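Scroll down for the structure; my scribbles are underneath it.
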Amino acid sequence: MKQKIQTIGGELKAHIQILAFVVSLFWIVFIVNQFIFNRSLNAFGIIPKQLVGLRGILFAPFLHGSFYHLISNTVPFIILGWLVMIRDIKDFYFVSAISALVAGLGTWLIGDPYSVHIGASGVIFGYFGYLLFRGYFERSFVAIAISIAIAATYGGLIWGVLPTRAYISWEGHLFGFIGGAIAAKLLSPPQNPTQDKYQ
Numbered sequence: 216m217k218q219k220i221q222t223i224g225g226e227l228k229a230h231i232q233i234l235a236f237v238v239s240l241f242w243i244v245f246i247v248n249q250f251i252f253n254r255s256l257n258a259f260g261i262i263p264k265q266l267v268g269l270r271g272i273l274f275a276p277f278l279h280g281s282f283y284h285l286i287s288n289t290v291p292f293i294i295l296g297w298l299v300m301i302r303d304i305k306d307f308y309f310v311s312a313i314s315a316l317v318a319g320l321g322t323w324l325i326g327d328p329y330s331v332h333i334g335a336s337g338v339i340f341g342y343f344g345y346l347l348f349r350g351y352f353e354r355s356f357v358a359i360a361i362s363i364a365i366a367a368t369y370g371g372l373i374w375g376v377l378p379t380r381a382y383i384s385w386e387g388h389l390f391g392f393i394g395g396a397i398a399a400k401l402l403s404p405p406q407n408p409t410q411d412k413y414q
């Protein structure tokens with residue numbers, strides 16, 4: 216029992232360290248960008264349909280346009296990111312990578328070529344999509360319970376995939392969500408073959 220508690224404590228400590236490290240990067244990059252580079256680092260965001268804009272797939276999640284933008288991404292990143300890594304820390308890295316890649320490529324392909332897309336919300340919507348679809352693909356009690364809880368708590372996020380406001384990257388939200396669903400499918404355990412049932 217004591218060993219199990221120590222194992223859980225060690226995992227929780229690792230979760231906190233990982234999330235704290237990533238969030239610290241968000242805040243450090245924001246401060247440096249705001250007060251040293253006068254927000255010029257935002258040029259490293261995703262610029263649709265321009266070859267140079269592809270670098271934003273890597274850099275955009277770490278760039279934020281304002282303090283409010285940063286805060287609004289920090290809280291759900293911590294909560295949803297932690298829920299993603301509860302089962303396995305590797306899931307967090309995988310879902311983050313797939314979500315960022317799909318969100319970035321999708322935004323680059325269909326976004327306005329005269330816009331620059333920045334922020335971690337594509338990855339956050341990836342977590343949202345992953346947690347929602349994980350229950351569907353895994354069909355386990357825990358996964359379904361988490362999916363229901365996420366739908367009840369963060370269900371309003373789904374409206375973020377629609378072009379409701381000009382200054383919000385709905386493209387990043389939409390494709391991040393899709394990326395999360397793809398990650399849920401790829402990480403789901405293989406299902407047992409369907410068996411015939413008679414009545």
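Plus 215 on top of the position in the sequence shown (first one is 1) and you've got my numbering.
Glycine included, C-beta positions come from ideal geometry on N, C-alpha and C.
Just so it is clear, the structure is predicted and the values come from calculations on it, not from any experiment.
One question on the structure: do residue i and residue j come within less than 8 Å of each other, judged by their Cβ atoms?
i, j, result
"Ile359", "Gly350", "yes"
"Ile233", "His279", "no"
"Ser336", "Asn288", "yes"
CB-CB under 7 Å to residue i, same chain, minus the five flanking residues each way: which ones, in chain order?
i, result
"Arg270", "Phe259"
"Pro378", "Trp385"
"Ser330", "Pro263"
"His284", "Gly334"
Going by C-alpha distance, which of the options is nearest residue i?
i, options, result
"Ile365", "Ile272, Tyr382, Trp385, Tyr342", "Tyr342"
"Leu389", "Ala367, Pro404, Lys264, Gly375", "Gly375"
"Pro328", "Leu377, Gly268, Ile304", "Gly268"
"Leu401", "Phe236, Thr222, Ser287, Val310", "Val310"
"Ile272", "Ala367, Tyr382, Gly321, Val357", "Gly321"
"Phe250", "Phe307, Phe282, Tyr369", "Phe282"
"Arg302", "Gln265, Ser255, Phe252, Glu226", "Glu226"
Might you give, ordered along the chain, the residues of its own chain that have their beta carbon closer than 8 Å to the beta carbon of residue i, omitting 5 neighbours on each side?
i, result
"Ile325", "Pro263, Glu386"
"Ser403", "Arg349, Phe352, Glu353"
"Tyr369", "Pro291, Leu295, Phe343"
Can you list, in chain order, the residues of its chain whose CB lies under 6 Å from that of residue i, leaving out five sequence neighbours each side?
i, result
"Ala399", "Tyr345, Phe348, Arg349, Phe352"
Assuming residue i and residue j form a contact by the criterion Cβ under 8 Å, report the distance between their Cβ atoms to the nearest whole angstrom.
i, j, result
"Phe277", "Phe241", "6 Å"
"His230", "Trp323", "About 31 Å; that fails the 8 Å criterion."
"Gly319", "Ile261", "6 Å"
"Ile293", "Val238", "6 Å"
**Asked** Any chance the segment 391-398 sits against the segment 299-317, with 3 or more Cβ pairs inside 8 Å?
**Response** yes
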